[in-house]
Amino acid sequence: MTSSYLSWLRIPVFATSGLAALGSSLLYFKQNDIIYPANLPTGSRSIVDRPEKYGIEDAETIRIPTPDGETLHAYLLRPSDPSLRKNITLLTFHGNAGNIGHRLPIGKVLSQNLGCHVFMVEYRGYGFSTGTPSEEGLSIDGQAALDFVREHAELRKTNIVLYGQSLGGALAVKLLQANYQVGDISAVILENTFLSIRKLIPSIMPAAKYLSYLCHQRWDSEQSLAKVQDTGIPVLFLSGLRDEIVPPSMMKALFDQCPTTKVWKEFPDGDHNSTVAEPGYFEAIWNFLVQDVLRSPREEKMRKAELDVDSDDLRSEPVGA
1 MTSSYLSWLR IPVFATSGLA ALGSSLLYFK QNDIIYPANL PTGSRSIVDR PEKYGIEDAE
61 TIRIPTPDGE TLHAYLLRPS DPSLRKNITL LTFHGNAGNI GHRLPIGKVL SQNLGCHVFM
121 VEYRGYGFST GTPSEEGLSI DGQAALDFVR EHAELRKTNI VLYGQSLGGA LAVKLLQANY
181 QVGDISAVIL ENTFLSIRKL IPSIMPAAKY LSYLCHQRWD SEQSLAKVQD TGIPVLFLSG
241 LRDEIVPPSM MKALFDQCPT TKVWKEFPDG DHNSTVAEPG YFEAIWNFLV QDVLRSPREE
301 KMRKAELDVD SDDLRSEPVG A
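Taking full-length UniProt numbering, the leading residue of the sequence shown gets 1, the next gets one more, and so forth.
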């Protein structure tokens with residue numbers, strides 16, 4: 001892998017620290033508007049870039065219905081180079097602002113350079129998805145996306161890897177905790193993810209640190225991760241050491257508390273939004289997927305199960321005319 005893609009990879013900077021602008025008296029009533037700034041940058045609810053804008057040729061637009069009546073907008077990006085194609089689907093969850101169109105440069109690297117299927121789902125109330133965002137709602141959205149991948153004819157036999165950035169990492173952890181017993185989540189990738197919103201408040205809003213109990217959007221990754229008992233699911237932690245929103249010490253604490261197999265990769269010059277553009281970022285993901293996913297006992301078990309199915313199919317076929 002080379003770093004040539006960094007010349008065209010451009011990641012927008014969002015107002016992810018908007019919570020710090022709240023007055024303490026409004027913390028309880030206005031927190032959803034600040035935690036989920038779906039309108040940033042301007043036009044994010046009306047303009048969503050399409051894959052072809054970035055030269056992604058094999059892509060599909062998908063609409064996913066949720067159990068509570070919302071419709072989620074999503075893109076499925078397929079790997080273009082057969083020699084790089086991997087038996088992996090990355091289910092991606094972005095940060096708390098913008099839309100999946102802004103993350104297409106990332107999706108392009110993951111699909112075309114790393115050879116993965118990339119399923120980019122949009123939260124409710126973001127981009128072209130209907131509804132209003134909340135912790136409960138986004139949790140429903142994440143589960144709906146995971147269930148879609150599980151049932152998709154093309155994706156269901158691949159290794160499913162949850163990949164979340166910032167708030168998206170908190171959603172990935174929550175999905176892992178709720179689904180690890182099913183046995184079909186092969187790995188998780190977390191970038192600049194916090195312990196919980198309540199524990200994050202003192203860092204970005206010191207004046208309100210004694211009022212953090214008022215935060216009803218908890219996103220308690222620390223608690224969710226502690227409930228995961230399948231230690232065979234590897235987790236990759238990608239930490240920007242200049243993160244000005246989520247203290248790197250918080251990301252390290254999450255890593256230390258993680259009960260599963262885990263890998264730590266830090267980027268000395270990476271801040272909250274630019275870590276993805278740091279040299280070595282995608283190489284770290286590449287190495288993790290090759291070494292910890294494709295060579296894992298779970299992958300060997302999947303291959304054996306697939307061979308068993310194929311053998312059964314052959315035995316069921318009539319012999320002769």
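By construction, the Cβ of each residue, glycine as well, lies at the ideal position given by its N, Cα and C atoms.
- For the pair Y281 and I106, the Cα-to-Cα distance works out to about 11 Å.
- Scanning the region 160 to 234 for uninterrupted beta strand (DSSP E) segments of 3 residues or longer gives 185 to 191, listed from N- to C-terminal end.
- A contact is defined here as three or more CB-CB pairs under 8 Å, and the region 246 to 264 fails this definition with respect to the region 73 to 83.
- For K265, the enclosing beta strand (DSSP E) begins and ends at 262 to 267.
- If you compare the alpha carbons of G127, N87, G115 with that of R103, the shortest gap goes to G127.
- According to the DSSP secondary-structure assignment, S239 is paired through a beta bridge with E266.
- Between the beta-carbon of V161 and that of L91 there is about 7 Å, and that keeps the pair under the 8 Å contact cut.
- For H117, the CB contacts under 8 Å within the same chain, skipping 5 residues up- and downstream, are L76, L77, R78, P79, I88, T89, L90, S111, E154, L155, T158 in chain order.
- If you draw a straight line from the Cα of N192 to the Cα of D243, it comes to about 8 Å.
- Annotation note: the region 20 to 80 contains the following uninterrupted beta strand (DSSP E) runs of length 3 or greater, listed N- to C-terminal: 59 to 65, 71 to 77.
- The count of Cβ pairs closer than 8 Å, one atom from the region 46 to 53 and one from the region 129 to 145, stays below three, leaving the stretches out of contact.
- Going by C-alpha positions, Q229 is about 26 Å away from G95.
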